[in-house]
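Contents: one structure, followed by commentary.
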Amino acid sequence: MDEQITTTVPCCITGSQAAVVVAEADRHDNPLRTVISTESGLVFSDPRPTPAEIRHFYREDYRKKYKNTITPKNKHILRSGRLALQRIQHIKKHVTPGGSILDAGSGGGEFVYICQQAGYQVAGIEPNKGYATFSANQYGIDIFNGFYQDANFENTFDCITLFHVLEHLEEPVSSLSRLAGFLKVGGHFFVEVPNVDFTGTAPHQKWHVGHLYNFNPQTLVATAALAGLRALHVETSRDGGVLMATLEKPAEHYAPDVQQLIKGSYLQTHKILSGHSQLKHYVRIHTPVKRLVAKVHRGWNERQTIRQCTGMKPVDILDGLIENNVA
């Protein structure tokens, strides 16, 4: 794991090409070199596909490859709907109903629809044709089918959400900067990404071909800062697997000392990754067993609910979740 290399893609935080290799294969054992910048601690894929190849992948192939479908199945609608109801509770602390929200990478549109039903003015951006068409037709919501680079929403929204999208983008800093341009001054930006420091997943299942970047709390905050966004709060999910950041677009120019933001980041994440071996993971038997039990229990409950949804329209599934959540 300690092979030192010069990357083909510089670190988007420091511009350095000095890195150490952390893996040579993805979760399916296909070739995928993953490295960690020795200056910032940012973990990313190198080399990587061209921008044109990446665009084609997300427009045409991503959903089929990851979900094995071109439109959401009932189980995906249920999962996304439940998650949307959790997320909106946090958003309500910062944006009151009636405010405007943009969901970048809106997927099947469940979050956009649930926000709309809660009284927000909502739009979504979704590059995948199948999912964008599905969500617009099924829920009657406003979806821009394309990439954020092709959209024009300057100073339009009170809030932007980016849920499990940033890790897929080839230029995280410029992407956040471009999206921040869609925010009103003082607006909030909510970002969720996988936590690279999480050790609850087996090492051989950690790396995804679609995840060009892997963040720890420091590199996430530094990336946002370079895009002019101030981090108000960063927390991890209950199991530690997800980072959830609340960012703000300040009125004044924001340019903190990035070196201070990433101080100790490399040493911390390198230590975690190098110490997280297959043997150690499975010796800690409570970790995989606990996750397996939770997965089985969750799967059983989900199958029971899906049976009840047989023949229901997607919008009726979401309306049912909303009604039960209110009750």
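In terms of this note's numbering, the sequence shown is numbered consecutively and its last residue is 375. Each residue gets a CB set at the ideal place from its N, CA and C atoms; glycine is no exception.
In the DSSP output, which residue or residues are listed as bridge partners for Val91? Ile84 and Asn262
Can you tell me which of the three DSSP states Ala375 falls into? Low confidence applies to Ala375: its pLDDT is 41, below 50, so where it sits in the model is not reliable, and the reading given next is rough at best. Correct three-state label for Ala375: coil.
Please report the residue range of the beta strand (DSSP E) in which Lys123 lies. First-last for Lys123: Asn122 to Ile139, but that is the alpha helix (DSSP H), not the beta strand (DSSP E).
Measuring CA to CA, which of Asn264, Thr247 and Tyr187 is closest to Ser313? Asn264
Identify the continuous alpha helix (DSSP H) that holds Phe230 and give its terminal residues. No alpha helix (DSSP H) holds Phe230; DSSP gives it neither H nor E.
Please state the DSSP three-state secondary structure of Phe201. coil
Which whole-angstrom value is the C-beta distance of Pro99 and Glu218, which I expect to be below 8 Å? 6 Å
Is the stretch 291 to 303 close to the stretch 115 to 133, with three or more CB pairs under 8 Å? no
Using a Cβ-Cβ cut-off of 7 Å (strictly less than) and excluding sequence neighbours within five positions of Phe205, which residues of its own chain qualify? Ser148, Ile149, Leu150, Phe230, Leu231, Lys232 and Gly235
Can you say whether His301 is buried or exposed, counting buried as having 16 or more other CB atoms within 10 angstroms of its CB? exposed
Can you tell me whether DSSP reads Glu18 as helix, strand or coil? The question about residue 18 has no answer here: the residues shown for the chain are numbered 49 through 375.
Using beta-carbon positions only, say whether Pro242 and Val290 come within less than 9 Å of one another. yes
Pro120 burial status per 10 Å Cβ neighbour count (16 or more: buried): buried
Member of Leu274, Ser64 and Glu101 whose CA lies at the smallest distance from the CA of Val91: Ser64
Candidates Ala171, Arg226 and Gly167, of which the one nearest Tyr196 by Cα: Arg226
With the cut-off set at 9 Å, would you say Arg81 and Lys254 are in Cβ contact? no
Is it buried or exposed for Glu101, if we count other Cβ within 10 angstroms and need 16 for buried? exposed
Identity of the residue in Gly288, Thr267, Leu214 and Ser223 nearest Phe246 by Cα: Gly288
Cα-Cα separation, Val344 to Ala250: Since pLDDT at Val344 reaches only 49, below the 50 mark, its modelled position is unreliable, and the value read off the structure follows with that caveat. Between Val344 and Ala250, the C-alpha separation is close to 17 Å.
Count the other C-beta atoms from every protein chain shown that fall within 10 angstroms of the C-beta of Asn193, then say buried if there are 16 or more, exposed otherwise. buried
Measure the C-alpha to C-alpha separation of Leu366 and Ser325 and round it to an integer number of angstroms. 41 Å
With H, G and I counted as helix, E and B as strand and the rest as coil, what does DSSP make of His256? coil
First and last residue of the beta strand (DSSP E) that includes Glu174? Gln169 to Glu174
Could you pull out every residue in the same chain whose Cβ sits closer than 6 Å to the Cβ of Ala184, ignoring the five residues on either side in sequence? Ile191
Close beta carbons around Cys163, own chain, < 7 Å, minus the five adjacent residues each side: Ile136, Ile149 and Val170
Enumerate in chain order the residues of its own chain whose CB-to-CB distance from Thr209 is below 6 Å, with the five nearest sequence positions on each side excluded. Asp151 and Phe238
What residues in its chain sit with their C-beta under 6 Å from that of Asp364, if we drop five residues either side in the sequence? none
Exposed or buried, which one is Gly153 when buried takes at least 16 other CB atoms within 10 Å? buried
Check the C-beta distance from Thr62 over to Val83 and give it rounded, since I have them as a contact under 8 Å. The Cβ separation is near 13 Å, so there is no contact.
Which residue's Cα is closest to the Cα of Val69: Cys60, Met360, His318 and Gly359? His318
So, Ala279 versus Leu224, is the Cβ gap smaller than 9 Å? no
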